[in-house]
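Chains as they are written, first to last, in this note's numbering: chain A, 1 to 161; chain B, 162 to 322. Each residue gets a CB set at the ideal place from its N, CA and C atoms; glycine is no exception. All of these numbers come straight from a predicted model, not from anything done at the bench. Here's the structure we're looking at; comments come further down.
2 protein chains.
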Amino acid sequence: MTGPGPTPEQERAWVERVAGFFARQNGLPPIPGRALGRLMICDPPEQSAAELAAAIGASRASLTTALQVLLAGGFVEPGHRPGERTTYYRLADDPWTEVTRRRMAALTSFLAVTGEGLDLLGADSARATRIRRAHELFGWLDSEVGPMWQRWDARREHRDG
Amino acid sequence: MTGPGPTPEQERAWVERVAGFFARQNGLPPIPGRALGRLMICDPPEQSAAELAAAIGASRASLTTALQVLLAGGFVEPGHRPGERTTYYRLADDPWTEVTRRRMAALTSFLAVTGEGLDLLGADSARATRIRRAHELFGWLDSEVGPMWQRWDARREHRDG
DNA sequence: CAACAGTTTCAGTAACGACTGTAACTTATG
DNA sequence: CATAAGTTACAGTCGTTACTGAAACTGTTG
């Protein structure tokens, strides 16, 4: 007995939550977000563009765009079956680490802006105090995230490798 | 001799870079972003809404909205001078720590979504493997950011207090 | 090489969000 | 209580973006 499993309604609601999260967090449009959410729970894990379109209620044309976005972002991977022309898309093995890494890098990229600001105003001038505050935080943050991801990689290697 | 200082053109360009960053990163509209950038380098540090409007080339009405956004986000603080009715806005002492803290919290908030997904599919089911991958990363990340900010607070206290 | 399944491109549309200008409101001053 | 500086609320406009439907394209099968 494997239990009843989620209802289609529950699945839809969860997919919508995923889409909402990536819309807010990564600026992903609704349909790519829904396709991503769907690919996280669909059974089987591989789905054609047409199947995904039907599942989330969008046009096939929209799925093309959505899948391009997801492919470019490294979220999904294309796959083929012998004797079939259809491309079956599946969630990448672990898109999350890379995506999150990128987001944090983007966060600390403010360091370049503050650095240029300090150059402009003179790093030691009183007027640059406000910028320096920001510069210190983002510089420190930048020095923290490197080791942090090293710890993650070590942990992953320990579990998988 | 304190040097020539930046040209208005250079200031404008830098302000635009700040605005661009916060538009991409925090979803801030252009004008709030520009106002924020301006408040980072303006001299004197306190500015009225009218002054800011002139400096970044926006209407006063827009500045009202922009300043509300910045006040709500904790970026700026209002100030008054005796005998004057004008409100002078200045950059908060250190908005960056709090803002960045919020952003990282938002990042790890995906944990709630993956958690619900695991409940829905059954945490140990084969179908939940994809969700579990995400859940592990964000759970770990969540456990990392707490201590990380503690280190920052300690560092700050050591320097300031 | 013809037929066809599937994918992609593109033009058009609808909805959304930001910004402006004006008008109403608030509050300190004489 | 009248005045004036400044702030706020609002209606309208402009630009952008996501999405759809139809047509063009690609590549495999018989």
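Assuming the contact rule is C-beta atoms closer than 8 Å, L268 (chain B) and H296 (chain B) should be a hit. Round their C-beta distance to whole Å, please. Position 107 of the second sequence, counted from the first residue, corresponds to residue 268 (chain B). Position 135 of the second sequence, counted from the first residue, corresponds to residue 296 (chain B). Going by Cβ atoms, the distance from L268 (chain B) to H296 (chain B) rounds to 14 Å, so no, they are not a contact pair.
Do we get a CB-CB distance below 8 Å when we pair L232 (chain B) with the residues of chain A? Walking along the second sequence from the start, residue 232 (chain B) turns up at place 71. Output row for L232 (chain B): interface = no.
For the beta strand (DSSP E) that contains T20 (chain A), what are its first and last residues? One-based indexing of the first sequence puts residue 20 (chain A) at position 20. Thr is not the amino acid found at residue 20 (chain A); the sequence shown has Gly there. Here G20 (chain A) belongs to no beta strand (DSSP E); instead the alpha helix (DSSP H) covers P8 to N26.
Opposite S209 (chain B) in the DSSP bridges: which residues? Locating residue 209 (chain B) in the second sequence gives position 48, counting from the first residue. Beta-bridge pairing links S209 (chain B) to B:Y249.
Nearest by alpha-carbon distance to T247 (chain B): which of B:L281, B:L302, B:A211 and B:A216 is it? As a working note, residue 247 (chain B) is residue 86 in the second sequence. Closest by alpha carbon: B:A211.
Find out if the Cβ-Cβ distance for the pair A66 (chain A), A35 (chain A) is shorter than 8 Å. In the first sequence, residue 66 (chain A) corresponds to position 66, counting from 1. In the first sequence, residue 35 (chain A) corresponds to position 35, counting from 1. Cβ distance < 8 Å, so A66 (chain A) and A35 (chain A) count as in contact.
Between which two residues does the alpha helix (DSSP H) containing P193 (chain B) stretch? Counted from its first residue, the second sequence places residue 193 (chain B) at position 32. Unbroken alpha helix (DSSP H) run through P193 (chain B): P191 to I202.
Output yes if chain B places a C-beta closer than 8 Å to the C-beta of G150 (chain A); else output no. Within the first sequence, residue 150 (chain A) is the residue found at index 150, counting from 1. Sequence check: residue 150 (chain A) is Gln here, not Gly. False, the Cβ-Cβ gap to chain B never drops below 8 Å.
Measuring only the C-alpha atoms, how far is R316 (chain B) from L137 (chain A)? Along the second sequence, one-based indexing puts residue 316 (chain B) at 155. Along the first sequence, one-based indexing puts residue 137 (chain A) at 137. One C-alpha to the other measures close to 11 Å.
In this structure, does DSSP put G404 (chain B) in helix, strand or coil? This structure leaves residue 404 (chain B) out entirely; chain B is present only between 162 and 322.
Could you have a look at G234 (chain B) and say whether DSSP puts it in helix, strand or coil? Stepping through the second sequence from its first residue, residue 234 (chain B) is reached at position 73. Coil.
Give a yes or no on whether 8 Å exceeds the smallest Cβ distance from G117 (chain A) to chain B. In the first sequence, the residue the question calls residue 117 (chain A) occupies position 117. Cβ-Cβ to chain B under 8 Å: yes for G117 (chain A).
Identified DSSP bridge partners for G276 (chain B): Residue mapping note: residue 276 (chain B) aligns to position 115 of the second sequence, counting from 1. G276 (chain B) is not bridged to any residue.
Of all the CB atoms in chain B, is at least one closer than 8 Å to the CB of F75 (chain A)? Here residue 75 (chain A) is taken as the residue at index 75 of the first sequence, counted from 1. With 8 Å as the cut-off, F75 (chain A) does not count as an interface residue toward chain B.
Is there contact between the stretch 94-101 of chain A and the stretch 166-178 of chain B, where contact requires at least three CB pairs shorter than 8 Å? no
Run down chain B in chain order and give the residues with a C-beta less than 8 Å from the C-beta of D43 (chain A). Start at 1 with the first residue of the first sequence, and residue 43 (chain A) comes out as number 43. The contacting residues are R288.
State yes or no: is the beta carbon of A106 (chain A) nearer than 8 Å to at least one beta carbon in chain B? As a working note, residue 106 (chain A) is residue 106 in the first sequence. By this cut-off, A106 (chain A) is an interface position.
Interfacial residues, the stretch 205-217 of chain B to chain A, with Cβ spacing under 8 Å: P206
Are the Cβ atoms of L91 (chain A) and L28 (chain A) separated by less than 8 Å? In the first sequence, counting from the first residue as 1, residue 91 (chain A) sits at position 91. In the first sequence, counting from the first residue as 1, residue 28 (chain A) sits at position 28. In this structure, L28 (chain A) does not lie closer than 8 Å to L91 (chain A) by Cβ.
Same chain, Cβ closer than 8 Å to E46 (chain A), neighbours up to 5 away in sequence not counted: Numbered from its first residue, the first sequence carries residue 46 (chain A) at position 46. Answer for E46 (chain A): G79, Y88, Y89 and R90, listed in chain order.
What number of angstroms, rounded off, separates the C-alpha of L224 (chain B) from the C-alpha of S209 (chain B)? Residue numbering aside, residue 224 (chain B) sits at position 63 when the second sequence is read from its first letter. Residue numbering aside, residue 209 (chain B) sits at position 48 when the second sequence is read from its first letter. When rounded, the distance between both Cα atoms is 10 Å.
May I have the straight-line CA-CA distance separating S59 (chain A) from V306 (chain B), to the nearest angstrom? For the purposes of this step, residue 59 (chain A) is taken as the residue at position 59 of the first sequence. For the purposes of this step, residue 306 (chain B) is taken as the residue at position 145 of the second sequence. S59 (chain A) and V306 (chain B): Cα-Cα distance of roughly 40 Å.
Can you give the Cα-Cα distance for F206 (chain A) and N187 (chain B), rounded to whole angstroms? Outside the displayed range of chain A (1 to 161) lies residue 206 (chain A), so it cannot be described from this structure.
Mapping DSSP to helix, strand and coil, what is P243 (chain B)? Reading the second sequence from its first residue, position 82 is the one you call residue 243 (chain B). Residue state, collapsed to three classes: coil.
Give me the Cα-Cα distance between G403 (chain B) and P256 (chain B), rounded to the nearest whole angstrom. There is no way to answer for residue 403 (chain B), as the model of chain B reaches only from 162 to 322.
Given a limit of 8 Å on CB to CB distance, which residues of the stretch 165-190 of chain B reach chain A? G166, P167, Q171, E172, W175, R178, V179, F182, R185, Q186 and G188
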